Amino acid sequence: MPVTNPTPRRARRLSAFAAFVALLPGQAAVPIASGYGPITVVSPGVQGSDGKTYQLTNHLTRAATRHDGKREWLLAWAGDADGKDGAPDFVAVVDATKGSPTYGQVVNTATFTPQLQNEPHHMQYVWHKGERIYAGGILSDTTLVMDASQLPALRLTGVNLPADTPCGSAPDAFTVLGDGTAYATYMGGPNVSGECRYSNGETRVGNGYGGSPGEIVRIGTDGRTLSESPAALPGGEDPAQCTNIPALLKASCANPHGAQLRPDLHRMVQTDFAEIRNYLNQQPQFDPHLIRDTVRIYDTTDVNAPKVLSAAHLPIGPRAGTEKYPVFNESRLVMETTVTNRPEHRGAFVSTMWGGAVYYTPDITAPDPQWTEVFDDEAAYRTFHPDGTVPSGGDGGSWLQLSPDDRFLFHTVIGAQRTLSGLPQNTTVGMVYALDVRKLLAAGNDPKCRIDTMDEVARGGGEPDCPALAGVLPVHDETSGGPHWGTMDNFTLGHDGYFHETDRISRLAVANYFVWSLGGDGNHEVCMVDVAPNGKLGLDRSFRDERTHQPCVAFNRADWPHGSFGDARPHGVLFVVNDRNLR
14 MPVTNPTPRR ARRLSAFAAF VALLPGQAAV PIASGYGPIT VVSPGVQGSD GKTYQLTNHL
74 TRAATRHDGK REWLLAWAGD ADGKDGAPDF VAVVDATKGS PTYGQVVNTA TFTPQLQNEP
134 HHMQYVWHKG ERIYAGGILS DTTLVMDASQ LPALRLTGVN LPADTPCGSA PDAFTVLGDG
194 TAYATYMGGP NVSGECRYSN GETRVGNGYG GSPGEIVRIG TDGRTLSESP AALPGGEDPA
254 QCTNIPALLK ASCANPHGAQ LRPDLHRMVQ TDFAEIRNYL NQQPQFDPHL IRDTVRIYDT
314 TDVNAPKVLS AAHLPIGPRA GTEKYPVFNE SRLVMETTVT NRPEHRGAFV STMWGGAVYY
374 TPDITAPDPQ WTEVFDDEAA YRTFHPDGTV PSGGDGGSWL QLSPDDRFLF HTVIGAQRTL
434 SGLPQNTTVG MVYALDVRKL LAAGNDPKCR IDTMDEVARG GGEPDCPALA GVLPVHDETS
494 GGPHWGTMDN FTLGHDGYFH ETDRISRLAV ANYFVWSLGG DGNHEVCMVD VAPNGKLGLD
554 RSFRDERTHQ PCVAFNRADW PHGSFGDARP HGVLFVVNDR NLR
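The sequence shown maps to residues 14 to 596 in our numbering.
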C-alpha cells in the first residue's frame, strides 16, 4: 500500500526498509500498513503430502532494521491463547542483542498457515550455523522445517504431516545430525491402531494416536520422512511396569520425549514420558505405571535405522514411601536428557518431571548402563524455602541441558502443583538452577555420588563427587508456576565484529508455559537469565517488554505485528544468528 505524502524523514525510513526487504531472496514483499507499520514478507508455499499449500508469512516491524550492526535473535514458537477464529500460530523473532536499542522487542512474527491450533512445542535444543530449524506441533502431529539464513525473516522449507509418519504421533524433541537432517521423537502411537511397519521392515502393534508405542523419525531438510524406527522392544516389556490403555499384547513403555545424540560415540539417549492422550483433559492419571520411568539408548551407526540397545528403569530414591502419590516418586515421568560433549566424557543425565530428580550414568556405550540419582530438586528449593514447605515430588522438572564445556548442568522447574501440594497461591514454586558437575564427570566410570538419604534430598549429595549447586533463580508466578523450556546462548560477539560459537555459556532464555490442556498454562513470558562464570544465575532486567517496560517479554498482549489476535503461549525458544554474521 503506497504512503501518501510522506515526510522526507519517513521517506528515508521507507526507502531503507524497502532496501532491507529486497535483500530477502525468494520472498515477496507486500506493505500492509503505513510507513510505520509492518511489512509482510511471504515465503514461497510448500506443498504438503495432502496436496495443500503451507506458508510462512513474515510480519516485519521497523525495529527489524533500526539498529546498525550485527544482531543475535531469540526465536519463540508460540500458539494462540484466546481461541480467536483464524488466529495463526507463529514464530516470534526477538532482538536478543544485548545493548541494542531494540533489545527485547518482537521485530517479526512469522505466521504459519493454513493449519491452526498446532499446540507449538519444541524446536531443537541448540542451533549451529547452517542448520534448518525444526519445530513441532505436538497436537497437530506436524513438524515445520525453516531456513533462518535471512533472519529476522524466516522461510518455510518443508512440512511433515500426520500421514508422513503413520507409525507415530505427537512430535516432541528434535536433535540435528551433522548432515542437517534431524531425529524427532514421536511420543504417541501409530495413527491407526494395529500393526505398523517401520522403514527397516520390522513391525510393532500399537493402540493408536497419542498412545503407545512411539517412534524415532528422521526428517530431511525439506520436511520429508527419511525413516521411521521403532522405540519399542520387539519382544515387548513387562506389563506390570508398562500400563497401556487399551492394553497391548506386547506391553510397551516406549513414549519418546527427550533425545540427544553423541555422534562420535554413535549413541542416542531418549527418555520416555507417558501415554500422552490420557492427560489431555487436565485430569491427572495416578497409575504410576502409565507414567514412565524408562530411558532408552540407541546405536545410531546406521542413521536411517537407530536401534534400541537398552531400556532401563530408573531406580526409586529415598522419598519412596513418603510421597502421597506413588507417581511422585523420584523415578517417575522421565522428561529430558542431556549428553556430555567432550571426548573424554561418555556420560549422560536425565530428569524426571513428577519425580523432581536428576539421574546420571557415566558411560552410555556400556552394554547395561546403570542410572543413579545424583540430585533432588528439594535441595535447590531449600535455598529460598529453607523450611522445606515446597516439595520436589510433582514439581514439574523440565528442560535439562549441559553446557558445551561440560561444566554446568542447567535445569528449569515449573513448580510443585499448589492444589495437590496444598501450597498457598502466592508461594514461589518455579525456578532455574545450575549444577557444577565437573567432579562427577571427573570420577569416570566409578562415581560415588548417590542420593540415598532424606538428608541428601534436602541438602545435596554427601559424596565429594556429587554435583554442587552453583546458582538458583526463583521464578515467581502467582498463577501456575514457572519456566518449562529453555535454551542456551551458545554465541559470543568477537573482536572482529562477528559472532562465534562458544562453549562458555553466559545466558539462558526460558519460557513460562507448558501445555494448557495438561494443566500447565504459566504466565506466557519469555525471560533472559544471566549466567556468571561461577554459575550464579540472575534475571536480566534489561531484557524488557517493549510495551510494559517490565523484565521479560510478555506474550499476553492485544496486538502483534500480524494483527490483533491477543494472548499467545510461547513454548520452544532458540538462539540463532544470521549465517552471514557468524564465523
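Idealized CB from N, CA, C, for every residue including glycine.
This structure is a prediction, so every number in the text was calculated from the model and none was measured.
Nonlocal neighbours in the same chain, by C-beta distance under 8 Å from residue i, ignoring five residues either side
| i | result |
| --- | --- |
| Asp597 | What the structure shows of the chain is the stretch from 14 to 596, and residue 597 is not part of that stretch, so it cannot be assessed. |
| Ile258 | Asn220, Gly224, Glu288, Asn291, Leu303 |
| Arg22 | Caution is warranted here: a pLDDT of 44 is assigned to Arg22, below 50, making its placement in the model unreliable, and no coordinate value can be reported. |
| Gly248 | Lys263 |
| Pro477 | Lys452, Lys461 |
| Leu560 | With the sequence shown as reference, residue 560 is identified as Arg, and Leu is not the correct amino acid for it. If we look at Arg560 and ignore the five residues flanking it on each side, its Cβ neighbours are Ala567, Arg570. |
| Val470 | Gly330, Pro331, Arg332, Asp389, Glu391, Ala392, Ser405, Ile464 |
Contact check, residue i vs residue j, beta carbons under 7 Å
| i | j | result |
| --- | --- | --- |
| Ala447 | Gly484 | yes |
| Gly214 | Val158 | no |
| Arg309 | Gln273 | no |
| Val387 | Pro480 | yes |
| Ser240 | Ser212 | yes |
| Val403 | Val442 | yes |
| Tyr147 | Phe187 | yes |
| Leu595 | Lys142 | yes |
| Asn131 | Gly150 | yes |
| Glu144 | Val189 | yes |
| Ala392 | Gly473 | yes |
| Ala389 | Ser405 | The sequence given here places Asp at residue 389; Ala does not occur at that position. Their beta carbons are under 7 Å apart, which means Asp389 touches Ser405 by this criterion. |
| Ala100 | Phe527 | no |
| Phe286 | Val340 | no |
| His72 | Pro51 | yes |
| Leu433 | Leu422 | no |
| Leu413 | His424 | yes |
| Val55 | Thr70 | yes |
| Ala267 | Pro301 | no |
| Asn317 | Asp376 | no |
| Thr365 | Arg345 | yes |
| Leu454 | Trp384 | no |
Supposed close pair residue i, residue j - CB separation, criterion 8 Å
| i | j | result |
| --- | --- | --- |
| Glu349 | Gly330 | No, Glu349 and Gly330 are not in contact; Cβ-Cβ is about 18 Å, not under 8 Å. |
| Asp63 | Ala176 | 7 Å |
| Gly171 | Val59 | 6 Å |
| Ala91 | His497 | With 8 Å as the limit, Ala91 and His497 do not qualify as a contact, their Cβ atoms being about 13 Å apart. |
| Pro133 | Asp185 | The Cβ separation is near 12 Å, so there is no contact. |
| His358 | Asp419 | 6 Å |
| Val426 | Gly401 | Val426 to Gly401, Cβ: 16 Å. No contact. |
| Asp468 | Ala94 | Between Ala94 and Asp468 the Cβ distance is about 43 Å, and since that is not below 8 Å, they are no contact. |
| Val586 | Thr500 | 5 Å |
| Thr178 | Thr238 | 6 Å |
| Gly558 | Gly117 | The displayed chain sequence assigns Asp, not Gly, to residue 558. About 7 Å; that satisfies the 8 Å criterion. |
Same chain, Cβ closer than 6 Å to residue i, neighbours up to 5 away in sequence not counted
| i | result |
| --- | --- |
| Val363 | Thr284, Val308, Val347, Thr350, Tyr372 |
| Val43 | With a pLDDT of 45 at Val43, under the threshold of 50, the predicted position of this residue should be treated as unreliable, though the coordinate-derived value follows. Cβ neighbours of Val43 beyond the five flanking positions: Thr53. |
| Leu278 | Thr378 |
| Glu538 | Asn525, Cys565, Ala567 |
| Ala105 | Ala89, Ala91, Val119, Thr122 |
| Gly338 | The sequence shown places Tyr at residue 338, not Gly. Within the same chain, Tyr338 has close Cβ partners Phe299. |
| His489 | Thr441 |
| Ser162 | Asp592 |
| Ala195 | Tyr147, Phe187, Val189, Ile232 |
Nonlocal neighbours in the same chain, by C-beta distance under 7 Å from residue i, ignoring five residues either side
| i | result |
| --- | --- |
| Arg554 | Pro564 |
| Thr313 | Leu274, His279, Arg280, Met281, Pro319 |
| Thr515 | Asn503, Phe504, Thr505 |
| Cys180 | Pro203, Cys209, Tyr211, Glu228, Glu241 |
| Leu246 | Val321, Ala324 |
| Tyr49 | With a pLDDT of 40 at Tyr49, under the threshold of 50, the modelled position of this residue cannot be trusted, and the question is left open. |
| Leu262 | Val218 |
| Met541 | Arg520, Ala522, Asp553, Phe556 |
| Asp449 | Arg420, Phe421, Pro480, Ala481, Ala483, Gly548 |
| Leu169 | Ser56, Val59, Tyr67, Gln68, Leu69, Leu157, Met159 |
_Touch test, the segment 108–126 against the segment 570–589, Cβ-Cβ under 8 Å, three pairs minimum_ = yes
*Please determine if the segment 541–551 and the segment 470–485 are in contact, where contact requires at least 3 C-beta pairs separated by less than 8 Å.*
yes
*Residue ranges of each beta strand (DSSP E) within the segment 314–387, 3 or longer*: 320–326, 347–352, 361–365, 370–374
*Are the segment 317–332 and the segment 352–361 touching by the rule of at least three beta carbon pairs closer than 8 Å?*
no
*Within the segment 394–459, note down every full alpha helix (DSSP H) run reaching 4 residues or more, in order along the chain.*
431–434, 451–455
*Considering only residues of the segment 103–170, which uninterrupted beta strand (DSSP E) runs meet the minimum length of 3 residues and lie entirely inside it, listed in chain order?*
119–126, 133–136, 146–150, 155–160
*At 4 residues or longer, and completely inside the segment 58–96: list those alpha helix (DSSP H) runs for me, N to C.*
76–79
*Please specify which runs of the beta strand (DSSP E), each continuous and at least 3 residues long, are wholly inside the segment 497–546, giving them in chain order.*
498–501, 504–506, 512–514, 520–524, 538–544
*What runs of the beta strand (DSSP E), each 3 residues or longer, lie entirely inside the segment 572–596?*
581–590
*Please specify which runs of the beta strand (DSSP E), each continuous and at least 3 residues long, are wholly inside the segment 266–310, giving them in chain order.*
269–275, 280–285
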